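Participant:
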Amino acid sequence: MVCYAENRKCTDALKIFNHICYGIKVIDHVTFTIAIGACADPEFVSLGKVLHGITILTGLDENVIVGNSLVTLYCKSGLMTEARKVFQTLPRRDEVTWNALIGGHADNEEAEKAIEAFKLMREQSMGISYITIANVLGISECLAATAQLAVLEEGQQLHGLAVKLGLDSDPFVANATMDMYGKCGEIEDALRTIGQPIDRSRLSWNILISSFAKHGHFEKAIKTFHEMQELGVKPDQVTFVSLLSACSHGGLVEEGLRYYYSMTKEFNIPPRIAHCVCMIDLLGRSGRLTEAETFIKEMPIPPSDFVWRSLLAACKVHGNPELGRKAAENLIALDPSDDSAYVLYSNVCSTSGRWGDAENVRSQMGSRKVQKQPACSWVKLKNQVSSFGVGDNSHPQSPEIYKKLDELKKRIIEAGYVPDTSYALQDTDEEQKEHNLWNHSERLALAFALINTPEGSTLKVFKNLRVCGDCHSVFKFVSGILGRKIILRDAFRFHHFAGGNCSCSDYW
931 MVCYAENRKC
941 TDALKIFNHI
951 CYGIKVIDHV
961 TFTIAIGACA
971 DPEFVSLGKV
981 LHGITILTGL
991 DENVIVGNSL
1001 VTLYCKSGLM
1011 TEARKVFQTL
1021 PRRDEVTWNA
1031 LIGGHADNEE
1041 AEKAIEAFKL
1051 MREQSMGISY
1061 ITIANVLGIS
1071 ECLAATAQLA
1081 VLEEGQQLHG
1091 LAVKLGLDSD
1101 PFVANATMDM
1111 YGKCGEIEDA
1121 LRTIGQPIDR
1131 SRLSWNILIS
1141 SFAKHGHFEK
1151 AIKTFHEMQE
1161 LGVKPDQVTF
1171 VSLLSACSHG
1181 GLVEEGLRYY
1191 YSMTKEFNIP
1201 PRIAHCVCMI
1211 DLLGRSGRLT
1221 EAETFIKEMP
1231 IPPSDFVWRS
1241 LLAACKVHGN
1251 PELGRKAAEN
1261 LIALDPSDDS
1271 AYVLYSNVCS
1281 TSGRWGDAEN
1291 VRSQMGSRKV
1301 QKQPACSWVK
1311 LKNQVSSFGV
1321 GDNSHPQSPE
1331 IYKKLDELKK
1341 RIIEAGYVPD
1351 TSYALQDTDE
1361 EQKEHNLWNH
1371 SERLALAFAL
1381 INTPEGSTLK
1391 VFKNLRVCGD
1401 CHSVFKFVSG
1411 ILGRKIILRD
1421 AFRFHHFAGG
1431 NCSCSDYW
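In terms of the numbering used here, the sequence shown has 1293 at position 363, counting the first letter as 1, and numbering is strictly consecutive.
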């Protein structure tokens, strides 16, 4: 049973379980634990529920080891309500029980509930192991990665706790810490936590390459890839996703093409959908849309929504409405409720001056009851998150925020800023388009941060969608005029602004 369970052969494991049931009158908790563990997969969760029912009938559901396997079963299947019910009914819980619940919340993007469970675990004076710390650090980086909250402070506290408990040198904790710092915008702290090159695991190398890629250090990402090989560590498919992403965001087209084809020829790693998405992004960003379309036709695997979305985004940047239409149609065919398909294609039409087509796309959204994800930006100061929508007036400091924006506008115009109204996607006159640009959420968040932070401090702004090109230009000018470092984390990457320049070199 254990062999079958560990090799994800649930049906075979349960056949053995049935043989045991027929041959033995009393089934112990060990047998049930193995059988339930074999069902810890969304595909087999219904069988796991049957086993859960049997444990209730036999009274074994109160056994902590069986209970742990049930919590894990439901967590891995995304059934967190059932997982919490099992957790709450257990008469006794151990460290494994708490870790299973915390990890389940984190894996299912219920980060606040995971942190709450961690706090309760500490209040219960439960032992904190490297697994617990790694789980909770994973929550912190997950929060930052999914653009829900800026959680650097929480991550720093967890890192401090790991140091206090002597767990910071554990490989799992060290990797989770490095990943957390990288995804929270602190690349220097991430580098301080990584071990010496000779001691790094492949996971450590992958995290390092990914961090460099996200923060605009593309050459360092490539150099790290080669250093990894020189030390005898073989790259895997995750390594190449980060490497190709670095090439895409850095405009290193020929290098990216070379690495993609070497992945199969030299390293025998078959391309997966994530690699193909990177290649479409690589070709699309550089304007090689015909090659991107050909690549999709020749892909060894069927294109996913990510592939078509990436191509559609490139069509917006480079103004190709016909290819954009094809991409949008394929994306809508895969998921008619995907708001990004309609929004991106509408933007393609607007950018090309095809206002009638843009209006038709928006009408389709309305008739199909598809809701557009609203743009939102936020800043976290003193454990308080302040968020802003487009043209938001709800914040108590709104008068000061808009006054600050007017001041910034005058100063950057004097410094040479010229608004790019092509990013204002409404069919209005130029003056109204310029006004609309100054209502963008990231500008409101920037003005709020400037009002409420001391001069000289680094500003951090988060956005749930891609930053627009004109806002990017504004951030550059502000960083130069005020002498402030600004870190902007949008849905795709980090932008580090300083002295009027950005780490992305205006290519993202």
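Beta carbons are placed, not taken as given, at the ideal position from N, Cα and C, and that holds for glycine. Treat the numbers as computed from the prediction; the structure is a model and nothing was measured.
1) List the whole-angstrom C-beta distance separating VAL1391 from VAL1309, where the pair is believed to meet the contact cut-off of C-beta under 8 Å.
2) Can you grab the Cα-Cα spacing for the pair ALA1074 / GLU1252, in whole Å?
3) Could you give the uninterrupted runs of the beta strand (DSSP E) lying entirely in the stretch 1271 to 1330, keeping only those of 3 residues or more?
4) When the Cα atoms are used, what is the spatial distance from GLY1008 to VAL932?
5) Three-state secondary structure (DSSP) at LYS1393?
6) Does CYS1072 pass the burial test, meaning 16 or more other C-beta atoms within 10 Å, or should it be called exposed?
7) Quick one: is ALA968 buried, meaning 16 or more other Cβ sit within 10 Å of its Cβ, or exposed?
8) Would you kindly work out how many angstroms separate the C-alpha atoms of ALA1077 and LEU1121, rounded to a whole number?
9) Mind checking who ILE1417 pairs with in its DSSP beta bridge?
10) If you measure between the beta carbons of PHE1155 and THR1169, is that distance less than 8 Å?
11) According to the Cβ coordinates, are PHE1236 and ILE1203 closer than 8 Å?
12) Drop a sphere of 10 angstroms on the beta-carbon of ARG1022, count the other beta-carbons inside from all chains shown, and report buried for 16 or more, exposed for fewer.
13) Give a yes or no on whether the C-beta atoms belonging to ALA1305 and GLY1319 are separated by under 8 Å.
14) Quick one: what does DSSP say CYS969 is sitting in, helix, strand or coil?
15) Our contact map puts LEU1173 next to TYR1189 with C-beta atoms below 8 Å; I'd like the distance itself, whole angstroms only.
16) Excluding the 5 residues preceding and the 5 following ARG1014 in the sequence, name in chain order all residues of the same chain whose CB lies nearer than 8 Å to its CB.
17) Can you say whether PRO1230 is buried or exposed, counting buried as having 16 or more other CB atoms within 10 angstroms of its CB?
18) Which residue from TRP1028, PHE1407, ALA1345 and HIS1035 puts its Cα closest to that of GLU1053?
19) Three-state secondary structure (DSSP) at CYS933?
20) Helix or strand or just coil, what does DSSP make of CYS1432?
21) Is it right to say TYR1275 is buried, meaning 16 or more other beta carbons lie within 10 angstroms of its own, or is it exposed?
22) Just curious, the alpha helix (DSSP H) that THR985 is in, first and last residue?
23) Let me make sure I understand the geometry here. Which of CYS1177, LYS1144 and GLN1126 has the alpha-carbon closest to that of GLU902?
Facilitator: Based on what the coordinates show:
1) 6 Å
2) Its pLDDT being 40, under 50, ALA1074 is placed unreliably by the model, and nothing is read from it.
3) 1307 to 1311 and 1314 to 1318
4) 23 Å
5) strand
6) The predicted position of CYS1072 is uncertain, since its pLDDT is 44 and thus under 50; a value taken from the coordinates is nonetheless stated next. Answer is buried; the Cβ neighbour count reaches 16.
7) buried
8) Note that ALA1077 scores 33 on pLDDT, short of 50, meaning its location in the model is unreliable; the coordinates nonetheless yield the value given after this. Approximately 22 Å, taken between the alpha carbons.
9) LYS1390 and HIS1426
10) yes
11) yes
12) exposed
13) yes
14) coil
15) 6 Å
16) LEU1031
17) exposed
18) TRP1028
19) helix
20) strand
21) buried
22) 975 to 988
23) Only positions 931 to 1438 of the chain appear in the structure, and residue 902 is not among them; the question remains open.
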